[in-house]
Amino acid sequence: MSKKVVKRSKPHISVIVPVYNGEKTIGRLLDSIETLRNEALTFEVLVVDNNSTDQTVNIVNQYPVKLLEFKDFQSSYAARNTGIYSANGSIVAFTDCDCIADKNWLQNIWAHFQHNDLDFLAGQIDFTFSQKPTLAEQWDAYRNLSNEKNMKLGFAATANLAVRRSLFDQIGLFPEVTSGGDFIWTNRAEKFNVKSMYAKDVIVYHKARKLKQLLNKSYRVGLGRIAVLCQLKWSTTKILFNTFTLLTPISIKDVVAFYKESNFGTPISVLKMIWMAYLCNLCEFFGILSSLKAPSSSLINR
């Protein structure tokens, strides 16, 4: 689609999308967001490129969005902060470049903020699967991006998060870490006795990861893990204990829960799942080791 600049008054919502080498997915996300435009609810879209080397920038330039850049270092949270600085809406909505927005995503965000006097809101992240879902896809859906579970533990994922803009002025921006910045920030926000909620009708869709993608994600989580635990003021002993638990098999509780929720009910599939989950843990462990070798890139907090 050709880019058309449209002059608007101050928008109700600012949508912020960080992106790094997202040429395969960013177009689908922006297409889904463009279908949400209507006269009753105005919004702006700020895409923040974080050193992409593929065709991401060329694709984004085809859409009526504001393209920003953050090139100092790799951090989706630093990129999100860049977007927040330029946001004009009273509500800031975050999603990721590999998500797709539901047809009522922004409308329902706005309605909840108007009716519930919220500070921030975490929405539902629904997974989509290939025609024959793999074990890795099922594990990804079971283990990752459940804002319903996350909010019960005091945090939320930025894949589907909406925040009142003024809250950032009150408690600060995201910590600019490699991974886990959303965990740190929402955990910090809850300590300010803010009003938050989980909204099942605020939906984005995320494609479940296959094995290679899942292992890459686990490694990336490991890169930011120490930074997250330090931000939470964990003791060195507790951090070491938590880190080395990654070298142990997954819990029986997880095995039983996954067995009940998934379509893999044979003993062989359960054994494969245990091995795959252990591989994910190992990738996270090696991510932690890598972060200790290069702390400037993974533990940064500006």
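Quick note on this note's numbering: the sequence shown kicks off at 613 and runs consecutively.
Think of the CB as a built atom: it goes at the ideal place given N, C-alpha and C, for glycine as much as any other residue.
Source: prediction; values computed, not measured.
- Under the DSSP assignment, R649 falls outside any beta strand (DSSP E); it carries neither an H nor an E label.
- No Cβ-Cβ contact shorter than 7 Å links A801 with L733.
- Following the DSSP letters along the chain, one finds H818 inside the beta strand (DSSP E) bounded by residues S808 to K819.
- Excluding five sequence positions before and after D710, the CB atoms of its chain that fall closer than 6 Å to its own CB belong to T637, given in chain order.
- By the criterion of at least three beta-carbon pairs nearer than 8 Å, the stretch 887 to 907 is in contact with the stretch 814 to 834.
- Judged by DSSP in its simplified three-state form, E749 adopts helix.
- Of the candidates E635, N670 and F897, F897 places its Cα closest to the Cα of L852.
- Assigned with DSSP and collapsed to three states, F739 falls in strand.
- Non-local beta-carbon contacts of E681 in its own chain, meaning distances under 6 Å to residues more than five positions away in sequence, involve D661 in chain order.
- In this structure, F767 sits away from Y689, with a CB-CB distance that is not shorter than 7 Å.
- Listed in chain order, the alpha helix (DSSP H) runs fully inside the stretch 825 to 897 are 848 to 856 and 864 to 873, counting runs of at least 4 residues.
- For V677, no beta strand (DSSP E) run applies, since DSSP gives it neither H nor E.
- Taking the C-beta atoms as reference points, A771 is found nearer than 7 Å to D708.
- Cβ neighbours of Y697 within its own chain (closer than 7 Å, five residues either side excluded): none.
- Annotation: P745 to R777 spans about 39 Å, alpha carbon to alpha carbon.
- By the neighbour-count definition (other C-beta atoms within 10 Å, threshold 16), F795 is a buried residue.
- Boundaries of the beta strand (DSSP E) harbouring D661: F655 to D661, taken from the DSSP string.
- Relative to S742, the option among A820, T694 and L679 whose CA is nearest is A820.
- By the CB criterion at 7 Å, A713 and V816 fall inside the cutoff.
- Within the same chain, and ignoring the five residues on either side of V833 in sequence, the residues whose Cβ sits closer than 6 Å to its Cβ are S791 and E896.
- Under the three-pair Cβ rule at 8 Å, the stretch 664 to 677 does not count as touching the stretch 721 to 728.
- The residue among V631, S863, E760 and L765 with its C-alpha nearest the C-alpha of K683 is V631.
- Annotated as distal: P623 and T647, with beta-carbon spacing of 7 Å or more.
- In this structure, DSSP gives A723 a helical state, which the three-state scheme calls helix.
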